[in-house]
Amino acid sequence: MIRHWLREGTPHELVTALVATPLFAGFLLLLWLLMNEFSFGHLLLGSALAVVISRVTQPFWPERSRIKYPGRLLLYLGRLLMDILKSNLIVARRILFHSRQLQPGFFTYPLTLTDDFAVTMLASTISLTPGTVSAHYDREGRTLLIHCLHLEDEAALIRDIHSRYELPLQEIFDD
Amino acid sequence: MIEWAVNLAITVFAVAIILNLYRLAIGPDIVDRILALDTLMINSIALIVLFDIRLSLGILFEAAMLIALMGFVGTVAMTKYLLRGDVIE
Amino acid sequence: MTPSSMPFLLELFISLLLVAGALFALIGSIGLARLQDFFMRLHGPTKASTLGLGCLLIGSLLYFSFQKGTVSVHEAIVTVFLFATAPVSAHMMAKAALFRAVGKGGPSRNYPEN
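Residue numbers (my numbering), protein chains in the order written: chain E, -3 to 171; chain C, 10 to 98; chain B, 60 to 173.
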């Protein structure tokens, strides 16, 4: 591989040959540099670790997801942060003042997403926002079992999750 | 003022840890105890960070990071054991 | 402990973050201690405690960034890590509880059959 590159390769070819998952390797390098002070030595060590670790862990990634619009993903994360704040205030009020009148319950949410990573993102979003925790993912039936702290209107909640989180994720991952 | 805020926060987190220990003691199921340990992990990270500010050290966050990593791995390993009877299959 | 040169507004903001974080975490732990059902108890720690610790770490980040004069990002890494892992561990615990049929016949409606 290296001898081939020395004869007729471009730098881009060397990078793609060495780094199997460039996004993951870049993330590891960034993490290493953030954890330590920036210096040339750390840059070298971090690069070596990023290349080796991304190569060794490659068999653990069953399929690779493509993020089509990284900008929209940032927008989505920003909105998620606001929703986390809002949902925490709601849950806090319920725990402190209405803990006896709560009507908890389960409901199943029909998924339209198919990409594994997108489903993970959706389940994590559900767990972090208004009074809901995802409890089980049925791979065959394509449903998500969700527990709700105060279940009033199932259909409205499903519609809300679909329009607020699932559709943007579908756009981001081009699913 | 920060000193005052840190002291108040340490007190509040101490109360939170006592509540977690109460849940850890009474259970009733083992899953409740795992949840209590997970929350205990979060609250102890908070205490470490607060002491870091209190003592103006700025080096204890690495301990916080290690506890966060180990706590997550521990929680997942315990639930995995309950689910499958094995941690690494 | 407080650097004398720290602007009053920044000091106020950091103090507010610390106290708000502590209160959120306390609410999460109160939820853990007093709610009746396991699945209800799961809501407190996954949301409130994580957000509480998030607030606290952002406060710590601002404090040490000001004190050392450089941006200290370590707390931000811990925050991101916690927000990424809290839903995963909650999901695993909910799965284990369903597997052991914890809280069956409890206050939660529509308990799944198998």
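No residue lacks a Cβ here, since even glycine has one placed at the ideal position from N, Cα and C.
Going by beta carbon distance, what residues of the same chain come within less than 6 Å of residue i, once the five residues before and after it are set aside?
i: A25/C; result: N52
i: Y90/C; result: V96
i: I62/C; result: V15
i: F97/B; result: A156, V161 and G162
i: E136/E; result: none
Would you check if the distance between the CB atom of residue i and the CB atom of residue j is smaller than 7 Å?
i: V40/C; j: M152/B; result: yes
i: H146/E; j: L98/E; result: yes
i: G103/B; j: L121/B; result: no
i: G80/B; j: S108/B; result: no
i: L49/C; j: I57/C; result: no
i: V15/C; j: L59/C; result: yes
i: D47/C; j: T84/C; result: yes
i: S43/E; j: F20/E; result: no
i: I11/C; j: I89/B; result: no
i: R42/C; j: L33/C; result: yes
i: L17/C; j: V78/B; result: yes
Which residue's Cα is closest to the Cα of residue i: the options?
i: L165/E; options: P100/E, L118/E, T104/E and R155/E; result: L118/E
i: L94/B; options: V115/E, H94/E and F113/E; result: H94/E
i: L115/B; options: N169/B, L75/B and M65/B; result: L75/B
i: I122/E; options: R135/E, R89/E, E136/E and E162/E; result: E162/E
i: G127/E; options: R96/E, H143/E and E136/E; result: H143/E
i: V132/B; options: Q54/E, S50/E, M31/E and G42/E; result: M31/E
i: T138/B; options: G118/B, R159/B, F72/B and L69/B; result: G118/B
i: A131/E; options: W57/E, L140/E and T108/E; result: L140/E
i: L124/E; options: L73/E, R135/E, R89/E and R90/E; result: L73/E
i: K106/B; options: F72/B, A145/B and E70/B; result: A145/B
i: A143/B; options: T116/E, F102/E and F23/E; result: T116/E
i: A151/E; options: L45/E, F102/E, W57/E and R135/E; result: F102/E
i: N84/E; options: L69/B, F83/B and V130/B; result: F83/B
i: I136/B; options: L26/E, I157/E and V129/E; result: L26/E
i: F23/E; options: D156/E, H158/E, V47/E and R90/E; result: V47/E
List, in chain order, every chain C residue whose beta-carbon is nearer than 7 Å to that of residue i.
i: I89/B; result: L28
i: M148/B; result: Inspection of the sequence shows that residue 148/B is occupied by Ser rather than by Met. Result: D47, F81, T84 and V85.
Residues of chain C with CB under 8 Å from residue i, in chain order?
i: Y170/B; result: Correct list: empty, because the minimum Cβ distance to chain C is about 15 Å.
Assign residue i to buried or exposed, taking buried as 16 or more other Cβ atoms, counted over all protein chains shown, within 10 Å of its Cβ.
i: I27/C; result: exposed
i: G128/B; result: exposed
i: M78/E; result: exposed
i: V21/C; result: buried
Using a Cβ cut-off of 9 Å, pull out every chain B residue sitting near residue i, in sequence order please.
i: V115/E; result: What V115/E touches in chain B: nothing, since even the nearest Cβ is about 11 Å away.
i: I157/E; result: Simply none; closest approach about 14 Å.
The ligand ZN heavy atoms versus the CB of residue i: any closer than 6 Å?
i: R168/B; result: With respect to small molecules bound, the structure shown includes none, and the ligand ZN cannot be examined in it.
Go through its chain and collect everything with a Cβ distance to residue i's Cβ below 7 Å, but skip five positions before and after it.
i: I154/E; result: Y105
i: L101/B; result: A149, M152 and A153
Starting from the C-beta of residue i, find all residues in its chain whose C-beta is less than 8 Å away, skip the five residues before and the five after it, and write them out in chain order.
i: A72/C; result: I57
i: I76/C; result: M50, S53, I54 and I57
i: P171/B; result: L157
Under 8 Å Cβ-Cβ, which residues of chain B neighbour residue i?
i: A18/C; result: L77, V78, G80, A81 and L115
i: A77/C; result: V137, F140, L141 and T144
Report the neighbours of residue i on chain F: residues whose CB is nearer than 9 Å to its CB, in chain order.
i: H132/E; result: The displayed structure is made up of protein chains E, C and B, and chain F is not among them.
In chain E, what lies closer than 9 Å to residue i by C-beta?
i: V132/B; result: L30 and M31
Note down, in chain order, every chain E residue with its Cβ under 8 Å from the Cβ of residue i.
i: L121/B; result: The contacting residues do not exist; L121/B stays about 17 Å from chain E at best.
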